[in-house]
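A.B. asks: Under the numbering used here, the letters of the sequence shown match residues 2 to 167, in that order.
For every residue, glycine included, the Cβ atom is placed at its ideal position computed from N, Cα and C.
What follows is a structure written as structure tokens; I'll ask about it next.
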Amino acid sequence: MTHDHDTPSRGAQKRADQALQELGEGLVKLKAEELARIPLPDDLAAAVAEARRIHERGGHKRQLQYIGKLMRRIDAAPIAQALAAVDAGRQHDADAFHHLEAWRDRLLREGAAAIAALQEERPELNAARLATVLQQAQHDQARGNAHGPRDLFRYLRDEVFAKTPV
Numbered sequence: 002m003t004h005d006h007d008t009p010s011r012g013a014q015k016r017a018d019q020a021l022q023e024l025g026e027g028l029v030k031l032k033a034e035e036l037a038r039i040p041l042p043d044d045l046a047a048a049v050a051e052a053r054r055i056h057e058r059g060g061h062k063r064q065l066q067y068i069g070k071l072m073r074r075i076d077a078a079p080i081a082q083a084l085a086a087v088d089a090g091r092q093h094d095a096d097a098f099h100h101l102e103a104w105r106d107r108l109l110r111e112g113a114a115a116i117a118a119l120q121e122e123r124p125e126l127n128a129a130r131l132a133t134v135l136q137q138a139q140h141d142q143a144r145g146n147a148h149g150p151r152d153l154f155r156y157l158r159d160e161v162f163a164k165t166p167v
């Protein structure tokens, strides 16, 4: 029994195939606009669209296996890079959202001191307008109304951090 060391073992091949299938599953889970930004061969794009349409468990699983089979025929590295870029963009958006939440919470807690700290970070800040929005948010929060803190968050997102992202 001779072993050819140039070919991967059956286990290694199965792991590689599973990784491609998982990459295909990542494509299926993308939002339509995210998927449209990734260049895919026509047959793979059609298979991904079909997998998005199929909801029956067995059929969906078979379709994912088919996507994995199609991906074995192409160079999947550019697709993996594009998928990683989408994930990185999502992470950046989540980080920015958390940063805004932290500023909103700090402003509600500390008031004028937090406005001064934010003005050091953002010199172009309209402190008078922020103070007005903050005062209304604190008033609403004290009454158990969530509209004020939400409006404060929107103000921070749309006016304070819109021009220069977090």
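Tell me whether residue 111 sits in a helix, a strand or coil according to DSSP, three-state version.
C.D. replies: Helix at residue 111.
A.B. asks: Whole angstroms is fine: what's the gap from residue 54's alpha carbon to residue 123's?
C.D. replies: Near 46 Å, if we compare the C-alpha coordinates of residue 123 and residue 54.
A.B. asks: Return the CA-CA distance between residue 154 and residue 91, expressed in angstroms with no decimal places.
C.D. replies: The alpha-carbon atoms of residue 154 and residue 91 are separated by roughly 19 Å.
A.B. asks: Since residue 75 and residue 42 should fall inside the 8 Å C-beta cutoff, what is the C-beta to C-beta distance between them, to a whole number of angstroms?
C.D. replies: Right, the Cβ-Cβ distance comes to about 6 Å (below 8 Å), so this counts as a contact.
A.B. asks: Within the chosen definition, does the segment 106 to 113 reach the segment 78 to 91 through at least 3 CB pairs nearer than 8 Å?
C.D. replies: Touching, no, given that fewer than three Cβ pairs across the two stretches are closer than 8 Å.
A.B. asks: What do you reckon, are the CB atoms on residue 118 and residue 125 nearer than 9 Å?
C.D. replies: No. Outside cutoff.
A.B. asks: Report the option in 23, 113, 150 whose CA atom is closest to the CA atom of residue 64.
C.D. replies: Nearest of 23, 113, 150 to residue 64, Cα basis: 23.
A.B. asks: Please list, in chain order, all residues of the same chain as residue 158 whose beta carbon is under 6 Å from its beta carbon, the five residues on each side excluded.
C.D. replies: Taken in chain order, the residues that qualify are 101.
A.B. asks: Does chain B have any CB closer than 9 Å to the CB of residue 101?
C.D. replies: Here there is only one protein chain, and chain B is not present.
A.B. asks: Among 163, 35, 20, which residue has its Cα nearest to the Cα of residue 87?
C.D. replies: Per the Cα distances, 35.
A.B. asks: Can you tell me whether residue 2 is helix, strand or coil according to DSSP?
C.D. replies: Reliability of the predicted coordinates at residue 2 is poor, the pLDDT of 49 falling under 50, and the value obtained from them is presented with this limitation in mind. DSSP places residue 2 in coil when its eight states are reduced to three.
A.B. asks: Give the list of continuous alpha helix (DSSP H) stretches no shorter than 4 residues that lie fully inside the segment 20 to 100.
C.D. replies: If we require 4 residues or more, the alpha helix (DSSP H) runs fully inside the segment 20 to 100 come out as 33 to 37, 43 to 54, 58 to 73.
A.B. asks: For residue 52, which residues from the same chain have a beta carbon less than 7 Å from its beta carbon, with the 5 sequence-adjacent residues on both sides left out?
C.D. replies: Contacts found: 29, 61, 64, 65, 68.
A.B. asks: Which class does residue 153 belong to by DSSP, given the choice of helix, strand or coil?
C.D. replies: Helix, per DSSP.
A.B. asks: Could you say which of 147, 113, 142, 46 lies nearest to residue 131 if we only look at CA atoms?
C.D. replies: Comparing Cα positions, the closest option is 113.
A.B. asks: Taking 9 Å as the cut-off, decide whether the C-beta atoms of residue 89 and residue 39 are in contact.
C.D. replies: Cβ atoms of residue 89 and residue 39: not closer than 9 Å.
A.B. asks: Consult DSSP for residue 125 and reduce its assignment to one of helix, strand or coil.
C.D. replies: Note: residue 125 maps to coil in three-state DSSP.
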